[in-house]
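Numbering (this note's numbering), first residue to last: 50 to 188.
1) Under 9 Å between the Cβ atoms of residue 67 and residue 57?
2) Name the residue from 108, 111, 52 whose alpha carbon lies nearest to the alpha carbon of residue 87.
3) Rank 163, 173, 157, 170 by C-alpha distance to the C-alpha of residue 187 and give the top, closest one.
4) Tell me whether the beta-carbon of residue 104 lies closer than 9 Å to the beta-carbon of residue 85.
5) What number of angstroms, rounded off, separates the C-alpha of residue 122 from the C-alpha of residue 107?
6) Return the chain-ordered list of same chain residues with a C-beta closer than 8 Å to the C-beta of residue 180, the five sequence neighbours on each side being excluded.
So, in structure tokens, the structure goes:
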């Protein structure tokens, strides 16, 4: 994962602070989760969504490499107890193959809007023009 700027993150559940330094680094599970939740960069939800999109792109590019296919069963065994699904192994394999075929056809869009507090809760309100533009893209 490439971290665009050094950031300090506080994990409230573990009551720990840690620093992610600018540059390309390998994150553990807790660091990844906290980085993807992070909203204190002055960009709020938009910054968080951008980081999540970049993470998905990185995950997709590394996971969908043909040389990583033999690692999938081992990865699945490591996480299977934490996954609840009604998909069987053949369904998962089918989705993986479909994802591999589509790997270069993903587009990411962030709808324009503004943040607003309503009853002490922060909301991201979309501009109508943004809604219209994404509808046009999806046609």
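Cβ coordinates follow ideal geometry from the N, Cα and C atoms, glycine included.
For this structure:
1) A contact, by the Cβ cut-off of 9 Å.
2) Of 108, 111, 52, the smallest CA-CA separation from residue 87 is found for 52.
3) Taking only the C-alpha atoms, the option nearest residue 187 is 157.
4) In this structure, residue 85 lies closer than 9 Å to residue 104 by Cβ.
5) Cα to Cα, residue 122 sits roughly 20 Å from residue 107.
6) Within the same chain, residue 180 has close Cβ partners 160.
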